[in-house]
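Count along the sequence shown starting at 1, add 67, and that's the number in my numbering.
For every residue, glycine included, the Cβ atom is placed at its ideal position computed from N, Cα and C.
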Amino acid sequence: MVGIFALASSSMAAPPKASGLLSWRGPDQTGALPGKGYPEKWGGPGGENHLWTHKVKGGGTPVIANGKLYSFGYYDNPKDLSDVQEALICLDPETGELVWEYRFSDFISDVVYNRYAVGSPIVDAETGNVYMQSSNGRLMAFTADGKRLWEHSLVEKLARLTFPNGRTGSLGLQGPIVIVHCVTANWGTTGPARDRLYAFDKITGELVWYSTPGTVPDDSSFSMPVYATIDGHRVGYTGHGCGNLTSVDMRTGKPLWRFQFAKGGVNSQILKYGEDKLI
Numbered sequence: 068m069v070g071i072f073a074l075a076s077s078s079m080a081a082p083p084k085a086s087g088l089l090s091w092r093g094p095d096q097t098g099a100l101p102g103k104g105y106p107e108k109w110g111g112p113g114g115e116n117h118l119w120t121h122k123v124k125g126g127g128t129p130v131i132a133n134g135k136l137y138s139f140g141y142y143d144n145p146k147d148l149s150d151v152q153e154a155l156i157c158l159d160p161e162t163g164e165l166v167w168e169y170r171f172s173d174f175i176s177d178v179v180y181n182r183y184a185v186g187s188p189i190v191d192a193e194t195g196n197v198y199m200q201s202s203n204g205r206l207m208a209f210t211a212d213g214k215r216l217w218e219h220s221l222v223e224k225l226a227r228l229t230f231p232n233g234r235t236g237s238l239g240l241q242g243p244i245v246i247v248h249c250v251t252a253n254w255g256t257t258g259p260a261r262d263r264l265y266a267f268d269k270i271t272g273e274l275v276w277y278s279t280p281g282t283v284p285d286d287s288s289f290s291m292p293v294y295a296t297i298d299g300h301r302v303g304y305t306g307h308g309c310g311n312l313t314s315v316d317m318r319t320g321k322p323l324w325r326f327q328f329a330k331g332g333v334n335s336q337i338l339k340y341g342e343d344k345l346i
């Protein structure tokens with residue numbers, strides 16, 4: 068279902084410019100590559116535009132920064148379906164040569180076989196650091212050279228739920244924070260199972276804020292915010308498992324409004340249309 072929603076402001080600031088394709092859906096979150104000269108056909112393995120292959124499974128999109136390609140994938144053992152390792156992989160985009168990788172095993176999740184690594188890493192334009200969330204809820208930060216900076220097991224710390232489909236989507240970056248969208252059922256104010264946003268300090272990994280802008284979810288959702296500046300405030304618009312489109316202040320996590328436009332969960336990315344509408 069598609070709807071168009073008018074915004075309360077006539078202006079939207081474009082996302083900060085950065086070299087490379089630092090996040091899923093590209094620099095403007097449009098799903099389109101800037102520039103010209105891309106191949107118009109592939110020709111399959113061994114075809115005229117096939118340059119190299121790195122054998123790894125997964126269902127996400129690579130990102131590129133400063134001459135390095137980062138991808139979220141997994142390696143399996145056909146003879147033992149329990150022998151699965153996800154990995155953050157860094158390759159030379161020109162040659163396909165492995166620069167570094169960080170492998171890790173699954174634990175305490177209900178992800179089914181071949182549904183691993185359905186997500187993408189994201190690169191911070193300011194620091195060059197790389198962030199990713201695994202299928203079993205491990206939120207990790209790395210330097211461009213593969214040094215792990217910090218890690219949170221969201222299942223253990225926040226009671227993040229896992230699902231058989233294993234999807235994690237992408238993360239968000241806004242200024243000093245990295246943003247995670249997931250379903251949690253913890254305790255206190257986060258006790259009821261809800262579709263929530265969590266913001267962590269991108270340098271230290273410290274939790275900055277969390278937000279519960281939607282209602283009771285029917286589905287899981289890993290739609291990530293699309294951003295705009297409204298009346299001087301940076302806000303994020305996100306689809307949720309309850310079928311709501313929400314607006315959240317990215318500095319404080321304060322929910323600003325919500326609008327239900329779907330009966331089921333919304334996993335697709337919200338799109339900006341022109342300067343004053345969302346789709």
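Practice task
Taking the CB atoms as reference points, tell me whether Trp91 and Thr120 lie closer together than 8 angstroms.
Solution key: Trp91 is not a Cβ neighbour of Thr120, given a cutoff of 8 angstroms.
Problem - Exposed unless 16 or more other CB atoms sit within 10 angstroms - verdict on Leu264 - result: Looking at its Cβ environment, which holds 16 or more other Cβ atoms inside 10 Å, Leu264 is buried.
Exercise for the section: Determine the burial state of Asp298: buried for a count of at least 16 other Cβ atoms within 10 Å of its Cβ, exposed for fewer. Expected result: Classification of Asp298: exposed, given that the 10 Å Cβ count is below 16.
Practice task
Pull up the distance between the alpha-carbon of Glu153 and that of Ser290, whole angstroms please.
Solution key: Pairing Glu153 with Ser290, the inter-Cα distance amounts to about 21 angstroms.
Handout entry: Coarse secondary structure for Val178, derived from DSSP in three states
Key = Looking at Val178 - three-state DSSP - the assignment turns out to be coil, as it is neither helix nor strand.
Exercise for the section: Work out the CA separation of Gly195 and Leu216 for me, nearest whole Å. Expected result: Distance between the alpha carbons of Leu216 and Gly195 is about 12 angstroms.
Practice task
Classify Asn133 as buried or exposed, calling it buried when 16 or more other Cβ atoms lie within 10 Å of its own Cβ.
Solution key: By the 16-neighbour rule on beta-carbons within 10 angstroms, Asn133 is exposed.
Exercise for the section: Report yes if the C-beta distance between Tyr137 and Val151 is below 8 angstroms; otherwise report no. Expected result: No; because the gap between Cβ atoms is not below 8 angstroms, this pair is not in contact.
Exercise for the section: Identify, in the order they occur along the chain, each residue of the same chain with its Cβ nearer than 7 angstroms to the Cβ of Gly213, setting aside the five sequence neighbours on each side. Expected result: Excluding positions up to five away in sequence, the list reads Cys157, Trp167 and Tyr169.
Practice task
Give a yes or no on whether the C-beta atoms belonging to Glu218 and Arg205 are separated by under 8 angstroms.
Solution key: Between Glu218 and Arg205, the gap from beta carbon to beta carbon is short of 8 angstroms.
Practice task
Spell out the partners DSSP gives Asn144 in its beta bridges.
Solution key: Asn144 is bridged to Asp147.
Practice task
Report the rounded CA-to-CA distance for Tyr105 versus Leu165, giving the unit in angstroms.
Solution key: A straight-line Cα-Cα distance of about 24 angstroms links Tyr105 and Leu165.
Exercise for the section: Identify whether Leu225 lies in helix, strand or coil by the three-state DSSP scheme. Expected result: Secondary structure of Leu225 (DSSP, three-state): helix.
Problem - Ser314, buried or exposed, once every other Cβ within 10 Å from all chains shown has been counted against 16 - result: With 16 or more other Cβ atoms within 10 Å, it is buried.
Problem - Distance between Lys146 and Pro82 (C-alpha atoms, nearest Å) - result: With a pLDDT of only 41 at Pro82, under the threshold of 50, the placement of this residue in the model should not be trusted; the figure read from the coordinates follows. For Pro82 and Lys146, the distance between alpha carbons rounds to 46 angstroms.
Handout entry: Pair within 8 angstroms by beta-carbon distance, Ala252 and Ala226
Key = Against a cut-off of 8 angstroms, the Cβ pair of Ala226 and Ala252 comes out as a contact.
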